[in-house]
Structures are given as structure tokens and as C-alpha cells.
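Peer 1: Just passing along the structure, written as C-alpha cells.
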Amino acid sequence: MYKAKAYAVASATSPFTSTSISRRDPTDHDVQIEILFCGICHSDLHQARNEWSGMMPTVYPCVPGHEIVGRVTKVGSAVKKFKPGDLAAVGCLVDSDGTCPECKAGFEQFCPNMTLTYNFPDKNSGGVTYGGYSDSIVVTEHFVLKVPTNLDLAGTAPLLCAGITTYSPMRHWGVTKGKKVGVVGLGGLGHMGVKFAHAFGAHTVVFTTSPAKKDDALRLGADEVVISKNADEMAKHAGSFDFILDAVAADHDINAYIQMLRRDGNITMVGAPEKPLPVSVFGLIFARRSFSGSLIGGIAETQEMLDFCGKHNITSDVEVIPIQKLNEAYERLAKSDVKYRFSIDMASLKSE
Ligand code: NAP
Ligand code: ZN
Numbered sequence: 026m027y028k029a030k031a032y033a034v035a036s037a038t039s040p041f042t043s044t045s046i047s048r049r050d051p052t053d054h055d056v057q058i059e060i061l062f063c064g065i066c067h068s069d070l071h072q073a074r075n076e077w078s079g080m081m082p083t084v085y086p087c088v089p090g091h092e093i094v095g096r097v098t099k100v101g102s103a104v105k106k107f108k109p110g111d112l113a114a115v116g117c118l119v120d121s122d123g124t125c126p127e128c129k130a131g132f133e134q135f136c137p138n139m140t141l142t143y144n145f146p147d148k149n150s151g152g153v154t155y156g157g158y159s160d161s162i163v164v165t166e167h168f169v170l171k172v173p174t175n176l177d178l179a180g181t182a183p184l185l186c187a188g189i190t191t192y193s194p195m196r197h198w199g200v201t202k203g204k205k206v207g208v209v210g211l212g213g214l215g216h217m218g219v220k221f222a223h224a225f226g227a228h229t230v231v232f233t234t235s236p237a238k239k240d241d242a243l244r245l246g247a248d249e250v251v252i253s254k255n256a257d258e259m260a261k262h263a264g265s266f267d268f269i270l271d272a273v274a275a276d277h278d279i280n281a282y283i284q285m286l287r288r289d290g291n292i293t294m295v296g297a298p299e300k301p302l303p304v305s306v307f308g309l310i311f312a313r314r315s316f317s318g319s320l321i322g323g324i325a326e327t328q329e330m331l332d333f334c335g336k337h338n339i340t341s342d343v344e345v346i347p348i349q350k351l352n353e354a355y356e357r358l359a360k361s362d363v364k365y366r367f368s369i370d371m372a373s374l375k376s377e
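Using the numbering used here, the first residue of the sequence shown is number 26, and each one after it goes up by one.
What follows is the structure in C-alpha cells.
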């Protein structure tokens, strides 16, 4: 074991403070990474503040962070894909059993024995996993991704969660040229959804509660922007969408969006609000619409997404912050005031 620097919260109401955590020494199949940037996902906030206490109660101290980009510092003797000095990335998953049907099909995120990057039982230490708000991490090779060398690293980190979480359902539901696609909520996930829908050639419509984000939405690739509080603007789009991606982190009226789907249209929730959403069954049955969910993506698909981003020069729009501004960033994230993802420059942790 060795000590790594990190920022942790001690309870649902505590601020982040500097601390040190234990990481395992790399074994034969492990890759040790010096973390250069880590994105701040709204899931980090849900988890730090124990907002998912029903489904995934938080174990404290908690070190969030699952949008990790860094440089390899050490590899185990059996590691084939990486060598010291290589760029490397880690997302929401750090382990799975590798033998179940889900793993064999490339859906490690649905493996009954998968391990999330933080706040999850750690099979290696017997404790809990600690995420990327840290200067280093050790991860088994299968869960370490290759980073395209042409991309800005601060903007690449958010691809590891916000990127794959929006790319995967759009691929699954066939978002292509000729399709009309909606993205609800222009936050970290939503703005990546807009970039991908646009890159896939779809007619892309953003639904936002924030009129001030309209110009950005158009710049990011939207063809149209709807202020969702405006009933007239909403009514114009009734029954017209092939696919809608809902990336809202809070309670909202899902039925207003179900009504916007055409026959056989699908709305996929990637946002994970704390409380259940009431769904109008009539809205679904009258046009054979479907309502579904999606969780990040598998490892092979995450690599495919990173390679796609390398080819098309896609990164997240980030506000780079030193780790000392973490508490301020959380306050702003809670108010949907970020353009459009915070990315922590981990060089700032060296002075702690
Ligand atoms: P975020 O940056 O905070 O973005 C959420 C956006 O939702 C906001 O920017 C805002 O957009 C909109 N919004 C917020 N409050 C709202 C309200 N009361 N009513 C309507 N719209 C509201 O969060 P994020 O990091 O993108 O994460 C979004 C959600 O996805 C979180 O719940 C997170 O836990 C979840 N998530 C799920 C997965 C998965 O695998 N399924 C992966 C990562 C994250 P406007 O200002 O444009 O309205
Ligand atoms: Zn996330």
C-alpha cells in the first residue's frame, strides 16, 4: 500500500477537505496512473451529499471522481496495453467478474459483480473504493482506456462519464441523419449529448430551463432550442421526436416529453433524480412509445467513444479549476451554473 493525496467529504453536510488515502501497490495486471484531470459529475454531488441514500448510501469519508485522465507511472508484469509515460483514462468502473453473460457481451456496467470507481465495496482492500479527486489511482488493465493524443486533456476527462453516458444510448436507439432528437437539460451530460447528436447528423433540439444558455446550445450543435417553461414553444413539438435523451438531475415533468415522441419514439433517462418520477401510462400506450434508462456504457464502447471523439475532435467544454475551489464548484453545480463541466487540474493537489 502507498499513500495518495485526495480531497474527501466526511459527511453529507461537510465541505471537501484535503486528506490522504491508501492505494494498493500495482499487482501483475494493474496500471498505476498519475491523475492529471478529473471531471466533476453531478453523480459526485448526489453521492457526496448522500442524495441517493435509498439506492446507494454513501460511506464516509467519500472521495468521488469518475472522469479520470492521467499518465501511467507503473505497470504490472502482465500488463500489455500500457507502459509508463502513456496517457490513460478511467471512468465509472474499475472491476467486474469478467465471466458473466453481461461481461462476455461487453456490458461490464451491468455485471452483478462490478465495482464502481468510488463509494463501492473494494474487493482488493476490503474497504471502499476511492475516486479521482486524488493524485493517483491503481486500476486493473481491462478498465483502463487509451486516450487519443490529439485531444485537450482537461476536456477529455468528462468523456469518461458524461461522454459515454450520452454516446451509448444514442448509438443503441439509432440516432442518425434524418432523425429528430431532443436533449433535455444542458448540463455536463446534456452538452455532450448535443455534440454527439449533431455529430451523428440528427436534427437536434435542446430543452432547457435556462434562457441564458440558448446561444451556447446553438454553438454546441443544436438546430433548435426550446425554453421548457414556455408552453407555446413546447406545444409546437408535440408528437414529433424519434428519440429524446433526458439528462435532468432533479424532479421534473417527464410526461411533457413523452408527449413529444412520435409513434414508437423512445425517451431514455440518463439523469438520476433522487425521487421517483410519475409516468403517464396513457402517454406511452397511445403511440407505442417507450420510456427507458441507460447506465454509462461498457469498456469496449467507451474506447469506441474516445476514438470517435479523437477522430471528430470532440471534447467537453470545461471550466478548469484547482482542487481548492471544489466546494465553490459544488455550490455552482447545484445551481446548474457551469459551462459545461468542471475539470479539476490535479497539479493543484501538489501544494497540499
Ligand atoms: P448537471 O451538469 O447538473 O446538468 C443537469 C441539468 O439539468 C442542468 O444543467 C439543468 O439544465 C437541468 N436541470 C437542473 N435542475 C432542473 C430542474 N429542476 N428542472 C429541469 N431541469 C433541471 O448534471 P450532469 O452531471 O449532467 O448529470 C445529470 C444527471 O445524470 C445527474 O442526475 C447524474 O447523477 C446523472 N448521471 C447518470 C449517469 C448514468 O449512467 N445514467 C451517468 C452520469 C450522470 P438547464 O439549465 O438546461 O435546464
Ligand atoms: Zn458521472
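Built from N, CA and C at the ideal position, the CB exists for glycine as well.
With a Cβ-Cβ cutoff of 9 Å, do T174 and F221 count as a contact?
Peer 2: The sequence position of residue 174 within the sequence shown is 149, counting from 1. The sequence position of residue 221 within the sequence shown is 196, counting from 1. The answer is no: Cβ separation not under 9 Å.
Peer 1: Sorry if obvious, but does the Cβ on P188 come closer than 8 Å to a heavy atom of ligand 1?
Peer 2: Here residue 188 corresponds to residue number 163 of the sequence shown, with the count starting at 1. Correcting the residue identity first, residue 188 is Gly in this sequence and not Pro. Answer for G188: no, Cβ out of range of ligand 1.
Peer 1: Extract the residue ranges of the alpha helix (DSSP H) inside the stretch 141-167, only unbroken runs of 4 or more that lie entirely within it.
Peer 2: none
Peer 1: Which whole-angstrom value describes the C-beta separation of D69 and P89, a residue pair presumed to lie in contact below a C-beta threshold of 8 Å?
Peer 2: Residue numbering aside, residue 69 sits at position 44 when the sequence shown is read from its first letter. Residue numbering aside, residue 89 sits at position 64 when the sequence shown is read from its first letter. Indeed, because the Cβ distance is near 4 Å, the residues count as touching under 8 Å.
Peer 1: Could you tell me the boundaries of the beta strand (DSSP E) in which T24 lies?
Peer 2: With the chain covering only 26 through 377, there is no way to say anything about residue 24.
Peer 1: Of all the options L286, L112, L331, R313, which has the alpha carbon lying nearest to the alpha carbon of F266?
Peer 2: Here residue 266 corresponds to residue number 241 of the sequence shown, with the count starting at 1. Comparing C-alpha distances from F266 to each of L286, L112, L331, R313 shows the shortest one belongs to L286.
Peer 1: Would F62 pass as a contact of L118 if the rule is Cβ separation under 9 Å?
Peer 2: Reading the sequence shown from its first residue, position 37 is the one you call residue 62. Reading the sequence shown from its first residue, position 93 is the one you call residue 118. It is not a contact, given that the beta carbons lie outside the stated cut-off.
Peer 1: Based on Cα-Cα distance, which residue from K129, Q72, I58, S161 lies nearest to G110?
Peer 2: Sequence index remark: in the sequence shown, residue 110 carries index 85 (1-based). For the residues K129, Q72, I58, S161, the minimum Cα distance to G110 belongs to I58.
Peer 1: By Cβ distance below 6 Å, which residues in the same chain neighbour Q328 in space, the five residues on each side in sequence not counted?
Peer 2: Numbered from 1 along the sequence shown, position 303 holds the residue referred to as residue 328. If we look at Q328 and ignore the five residues flanking it on each side, its Cβ neighbours are L170.
Peer 1: Pick from R288, C334, G296: whose alpha carbon is nearest that of G308?
Peer 2: Working through the sequence shown from its first residue, we reach residue 308 at position 283. Considering only alpha carbons, the answer is R288.
Peer 1: If you reduce the DSSP assignment to three classes, tell me which class S121 lands in.
Peer 2: On the sequence shown, residue 121 is found 96 positions in, with the first residue counted as 1. Correct three-state label for S121: coil.
Peer 1: Is L211 near V200, with beta carbons less than 9 Å apart?
Peer 2: By one-based count along the sequence shown, residue 211 stands at place 186. By one-based count along the sequence shown, residue 200 stands at place 175. Cβ atoms of L211 and V200: not closer than 9 Å.
Peer 1: Taking only the alpha-carbon atoms, compute the straight-line gap between L184 and G322 and give it to the nearest angstrom.
Peer 2: Here residue 184 is taken as the residue at index 159 of the sequence shown, counted from 1. Here residue 322 is taken as the residue at index 297 of the sequence shown, counted from 1. Going by the C-alpha atoms only, they are around 11 Å apart.
Peer 1: Any heavy atom of ligand 2 closer than 8 Å to the CB of N92?
Peer 2: Within the sequence shown, numbered from 1, the residue matching residue 92 stands at position 67. The displayed chain sequence assigns Glu, not Asn, to residue 92. The answer is yes for E92.
Peer 1: Check this for me: beta carbons of A274 and G296, under 9 Å apart or not?
Peer 2: Within the sequence shown, numbered from 1, the residue matching residue 274 stands at position 249. Within the sequence shown, numbered from 1, the residue matching residue 296 stands at position 271. For A274 and G296, yes; Cβs fall inside 9 Å.
Peer 1: In the DSSP assignment, the alpha helix (DSSP H) including K30 goes from what residue to what residue?
Peer 2: Locating residue 30 in the sequence shown gives position 5, counting from the first residue. Annotation for K30: no alpha helix (DSSP H) segment contains it, though the beta strand (DSSP E) segment containing it runs 27-33.
Peer 1: With respect to 8 Å, is the separation between the Cβ of G213 and the closest non-hydrogen atom of ligand 1 below this value?
Peer 2: Here residue 213 corresponds to residue number 188 of the sequence shown, with the count starting at 1. Checking the Cβ of G213 against ligand 1 gives yes.
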